[in-house]
Amino acid sequence: MTPALVLFRIVGYGLLILTLFDVVSALVPPQFSNPGWQFQTAGGFVERSAVPLIGFILVFYGNQEIRKKRELLVLKALSWLALLSAIFYFALVVVFFVTLPTLNDRAQAQVNAQFDPRITQAQQIQTQLEKMSGSQVEALMKSNRMQMTDPTAFKAKAMQEAAAVEKNLKDQSSISKGGQRTALIKSAVKWGLGALVTGVLFVQLWAGTAWARQ
């Protein structure tokens, strides 16, 4: 056995062990009822999928050349594990697109909670101003020490400013919702395609290691 072959296999086993640590760390403690946790954890598996793939390739490198009987049993188990990994990554594709609507609804609700009270406040100010009589407007002007002397002009300007604030808040809310929706969709598509490609690669790896299962 050449030194390079030995090194490849040692590094391969090391990468698989590190992957095991990674999986345990990601899944403990489990939060399977939390769509956000499911989405981010699945995304993490996709982002780090190159590590187990490289580990498998290095371990199987050289086929049956100079293998002990015990190692052949390990390789047989790893070959089947490659198939299980493929199924796992294909399942992640479903996870991304099942959790996406729920996460989007939550994101939209958070934006609403942030902006709706301020929008309502701006609307209430407009309503109050509209109902105010001339004397009430004058009293408001005096209490705020306004330089304007025309109550009608002051009322119109105040209502215009309140309407502008309302419109600005609604625009910000819409932009924030759109940005979060786009970010979620981009992540779901990116990770979904990544999981699909990874699953296909694991299937190819399983098919290419048929010699280990004999």
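Each residue of the sequence shown is one higher than the one before, counting from 1 in UniProt numbering.
For every residue, glycine included, the Cβ atom is placed at its ideal position computed from N, Cα and C.
All values derive from a computational prediction rather than experimental measurement.
What separation, rounded to the nearest whole angstrom, lies between the Cα atoms of residue i and residue j?
{"i": "ILE10", "j": "PHE88", "result": "25 Å"}
{"i": "residue 215", "j": "ALA212", "result": "Residue 215 is absent from the model: the chain starts at 1 and stops at 214."}
{"i": "LEU27", "j": "GLU47", "result": "15 Å"}
{"i": "GLN160", "j": "GLN121", "result": "14 Å"}
{"i": "ASP116", "j": "GLN110", "result": "10 Å"}
{"i": "SER133", "j": "LYS190", "result": "59 Å"}
{"i": "THR2", "j": "LEU75", "result": "19 Å"}
{"i": "VAL165", "j": "GLN123", "result": "9 Å"}
{"i": "VAL200", "j": "LYS167", "result": "49 Å"}
{"i": "ARG67", "j": "PRO101", "result": "50 Å"}
{"i": "GLN214", "j": "ASN112", "result": "60 Å"}
{"i": "SER143", "j": "PRO29", "result": "58 Å"}
{"i": "GLN31", "j": "GLN172", "result": "33 Å"}
{"i": "VAL24", "j": "PRO52", "result": "14 Å"}
{"i": "PHE90", "j": "ASP22", "result": "19 Å"}
{"i": "ARG70", "j": "GLN40", "result": "38 Å"}
{"i": "SER174", "j": "PHE154", "result": "30 Å"}
Do residue j and residue i come within 7 Å of each other at the CB atom, strictly closer than that value?
{"i": "LEU92", "j": "ALA42", "result": "yes"}
{"i": "GLY55", "j": "LEU15", "result": "yes"}
{"i": "THR99", "j": "PRO35", "result": "yes"}
{"i": "MET209", "j": "SER79", "result": "The amino acid at residue 209 is misidentified as Met; the sequence shows Thr. Yes."}
{"i": "LEU103", "j": "LEU184", "result": "yes"}
{"i": "PHE8", "j": "SER85", "result": "no"}
{"i": "LYS186", "j": "GLN108", "result": "no"}
{"i": "GLU158", "j": "LEU129", "result": "Position check: residue 158 holds Ala in this sequence, whereas Glu was assumed. Yes, they are a contact pair."}
{"i": "ALA77", "j": "LEU205", "result": "no"}
{"i": "VAL94", "j": "GLN38", "result": "no"}
{"i": "ILE119", "j": "LEU169", "result": "yes"}
Give me the Cβ distance between residue i and residue j, rounded to the nearest whole Å; I'm assuming they're in contact under 8 Å.
{"i": "residue 215", "j": "SER33", "result": "Given that the chain is displayed from residue 1 to residue 214, the structure contains no residue 215 and the question cannot be resolved."}
{"i": "LEU58", "j": "GLY12", "result": "3 Å"}
{"i": "ALA188", "j": "PHE97", "result": "6 Å"}
Tell me which residue opens and which closes the alpha helix (DSSP H) that residue i is part of.
{"i": "SER187", "result": "151–208"}
{"i": "ARG118", "result": "69–131"}
{"i": "TYR61", "result": "Counting along the chain, TYR61 falls outside any alpha helix (DSSP H), and DSSP gives it neither H nor E."}
{"i": "PHE45", "result": "35–47"}
{"i": "ARG9", "result": "3–27"}
{"i": "ALA139", "result": "134–143"}
I'd like to know whether the C-beta of residue i is nearer than 7 Å to at least one C-beta of chain B.
{"i": "GLY43", "result": "No chain B is part of this structure, which consists of one protein chain only."}
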